[in-house]
Structures are given as structure tokens and as C-alpha cells.
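Protein chains in written order, with the numbering used here: chain A, 1 to 106; chain B, 1001 to 1228. Quick notes on the structure that follows.
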């Protein structure tokens, strides 16, 4: 399977999810526990991909070089906690990354 | 729908830039828009394909993230009962967080007849803006210099989404557990650590008491969720 096939397969599966209850069970009530689990997918997925993404960005770098992405993450976390806005992560994190990369020895 | 657009356009730009920077054809990255049409799942697909993950793992993670669409499908089944099949097939394709929220509001205020038009109008507007934003991101991202480190936009975006959900106990447990398992499973083959971490996060979140947090984790109330 190449990238194109993967994207088509994910798209087809997503469309079947969208159609599923409309076609099959238009009177069904989803169990409460399944509804709760559904609501937890996004935060769990965001956290897992964020942790893996940051680790990948730091992987193979020396301690001083890895400090730049970690400083960006720290700035992002502080910005989101202070503002409550998830968009603040990029607005604070990217400038922090650029500044730290410029200041830290390569 | 207009207030939603202010949130989804920057997100679409981020996905487009990510697609341009990823190690996959830019057109393939853009096609995640019309084919998958759910931002978080698109980001995961682009990121995992770029990282060389196993195709089956990529599809599995994309679908796990989109499993909430089944819930949305159930929510819209009742107002759409009795409509022509072609209409349901088209309307279902446009189901995503903002279109469901706007559609349900329309059915509540306007009734079924005008509610259908309200849903379809808002959903089509959202779809056009979403694809245009991704396209603009792909175009701009391909020409941006490497020193900008734009590949770090995705992790920062995800950090922002995760941190903004820490207020409620269930998502908080899910977030910490998923992040911990993702780090512990970094060496797992084929990027399967991500799927494992998501499962662990959901399991941890379900151990939290539902009382008082049920509203906040309702799939239709993801205050920061834009087409995903």
C-alpha cells in the first residue's frame, strides 16, 4: 500500500463511519460508555501524537540542540495555560523555537 | 457557520503547510482534505506516512480518530429520515464537527424543511473553505525556507490541543496516559506506539468519574475542535 492507497482507504472508512447509523440504525442510541470513549479519542490522540512528534524532533540531536524544540514546547504550554487558547501554542512556540535555535550553539 | 470558519481556516493552512513539508507527494497531502475530511485524522495520516509508518497502522489510527463520526451519524439519522437516498449520501459526506453543530442548531430553530437547506448551505461553505485553506497552505508551505522549521508546527498544534483539554479529569487522565505510553513505546515497530497510546489514554480516561465531566467530553462540544 502506498500513500495514495492509504489515504483512499482512510477516506473510504471515514465515509462509511459517516453513513453507518444513517443507513443501518437510524433509531439506535449509543451506549453511554461508548459515547464517553468517543469523546476521549481526540485528547488521547492529540497527546500521543504530540509526545511522539516532540520526541522525534529531539531524536538524534545533542543536548544543546534538543533544548530548542523543548524550549518551544515549554513556551507553547505556558502560553496555552495562560490564555486558554490552543492556537497560542503555535503563536508562542514557533518564535521560541527560532530564537532558541539562533541562540544555542549548533 | 461563519464563526467556525475563523477557527478552521488557520487549521487548514497548518495541514497544508504540513503536507508540503512531509515526505509524501503534496497532492496526496491535499487529497486528505476531500477524501478524509477530518482535520485531526488528516494530520495523523500525513505525519505517520511521512514518518514511514506501516500503511495498516496509518489507516487504523486515522479511523480510530474518526470513530466519533459514527456518533454524529446517529445524531443526524432522525432529521434525515425520509429524505432521498442521494441526499443522505451527499449530506453524510459533509458530516464533521462544525457541520453537525450548525446543522442541529438549524433543525432546532427552523424545522426540518429549512433545516436541510441550512445544514447543506453551511456544510458546503465549510467544505469549500477547508479545501481552499489546505490548498493555500500546500502552495505557501512548499516555498518556505527550511530555517523556519515548519515541520514543528504539527507537534506544537497538538501540544496546544492537548494542554487546552486538561481542565476536566477524564481528558486529563487520557492525555497524561497517552503521552506517557507514546514516549515509552517510541521504539515500537511501524509507529504502532501511537495506536497503543491512544488506546491506553481512552482506557485511563474511562476510569475517571463521569459525573460533572460528561458535558465537557461530549463529542459535539469540543470547544476547540474544528473539522476533525
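Beta carbons are placed, not taken as given, at the ideal position from N, Cα and C, and that holds for glycine.
Using only alpha-carbon positions, find the residue among the options that is nearest to residue i.
i                       : options                           : result
residue 100 of chain A  : A:90, A:38 and A:71               : A:71
residue 1038 of chain B : B:1024, B:1116, B:1134 and B:1082 : B:1134
residue 1020 of chain B : B:1197, B:1146, B:1036 and B:1052 : B:1146
residue 93 of chain A   : B:1179, B:1197 and B:1156         : B:1156
residue 963 of chain B  : B:1104, B:1044, B:1051 and B:1045 : Nothing about residue 963 of chain B can be reported from this structure: the residues present for chain B run from 1001 to 1228 only.
residue 1205 of chain B : A:34, A:5, A:50 and A:21          : A:34
residue 1159 of chain B : A:55, A:20 and A:16               : A:55
residue 1027 of chain B : B:1060, B:1075, B:1136 and B:1203 : B:1136
residue 57 of chain A   : B:1123, B:1070 and B:1150         : B:1150
residue 1023 of chain B : B:1040, B:1032 and B:1046         : B:1046
residue 47 of chain A   : B:1208, B:1172, B:1187 and B:1018 : B:1172
residue 1169 of chain B : B:1201, B:1012, B:1110 and B:1018 : B:1201
residue 1042 of chain B : A:38, A:49, A:39 and A:37         : A:49
residue 1175 of chain B : B:1114, B:1188 and B:1208         : B:1208
residue 67 of chain A   : A:98, A:91, A:40 and A:79         : A:98
residue 1167 of chain B : A:80, A:18, A:89 and A:90         : A:80
residue 1143 of chain B : B:1018, B:1011 and B:1010         : B:1018
Who are the neighbours of residue i on chain A, taking C-beta pairs under 9 Å?
i                       : result
residue 1025 of chain B : 3 and 4
residue 1149 of chain B : 57, 68, 69, 72, 94, 97, 98 and 101
residue 1134 of chain B : Correct list: empty, because the minimum Cβ distance to chain A is about 13 Å.
residue 1084 of chain B : Here the premise fails: no neighbours, minimum Cβ distance about 12 Å.
residue 1015 of chain B : Within chain A, no residue comes near residue 1015 of chain B; the closest Cβ sits about 13 Å away, beyond 9 Å.
Apply the 10 Å Cβ neighbour rule to residue i and answer buried if 16 or more other Cβ atoms are within range, or exposed otherwise.
i                       : result
residue 1030 of chain B : buried
residue 1098 of chain B : buried
residue 63 of chain A   : exposed
residue 85 of chain A   : exposed
residue 1090 of chain B : exposed
residue 60 of chain A   : exposed
residue 1080 of chain B : buried
residue 1078 of chain B : exposed
residue 43 of chain A   : buried
residue 1153 of chain B : buried
residue 1016 of chain B : buried
residue 1044 of chain B : buried
residue 1083 of chain B : exposed
residue 1213 of chain B : The predicted model places residue 1213 of chain B with a pLDDT of 46, which falls under 50 and marks its position as unreliable, so this point remains unresolved.
Can you name the residues of chain B whose CB is closer than 7 Å to the CB of residue i?
i                     : result
residue 38 of chain A : 1067, 1068, 1071 and 1219
Going along chain B in order, which residues have a C-beta closer than 8 Å to the C-beta of residue i?
i                     : result
residue 86 of chain A : 1157, 1160, 1161, 1163, 1164 and 1224
Could you confirm whether any beta carbon from chain C is found closer than 8 Å to the beta carbon of residue i?
i                       : result
residue 1040 of chain B : Note that chain C does not occur in the displayed structure, where the protein chains are A and B.
List the residues of chain A whose Cβ lies closer than 8 Å to the Cβ of residue i, in chain order.
i                       : result
residue 1092 of chain B : 15, 18, 19 and 22
residue 1051 of chain B : 56
residue 1137 of chain B : What residue 1137 of chain B touches in chain A: nothing, since even the nearest Cβ is about 13 Å away.
Subject >> Sequence ranges, beta strand (DSSP E) only - wholly within the region 1095–1138 of chain B, length at least 3 >> reply: none
**OP:** Can you check the region 16–77 of chain A for any alpha helix (DSSP H) of at least 4 residues that lies completely inside it and give the ranges in chain order?
**Re:** 32–58
Subject >> Continuous alpha helix (DSSP H) assignments of at least 4 residues falling wholly in the region 1013–1060 of chain B >> reply: 1026–1036 and 1039–1050
Subject >> Any alpha helix (DSSP H) of 4 or more consecutive residues that is wholly inside the region 1059–1091 of chain B >> reply: 1068–1080
**OP:** Can you check the region 1172–1211 of chain B for any alpha helix (DSSP H) of at least 4 residues that lies completely inside it and give the ranges in chain order?
**Re:** 1192–1206
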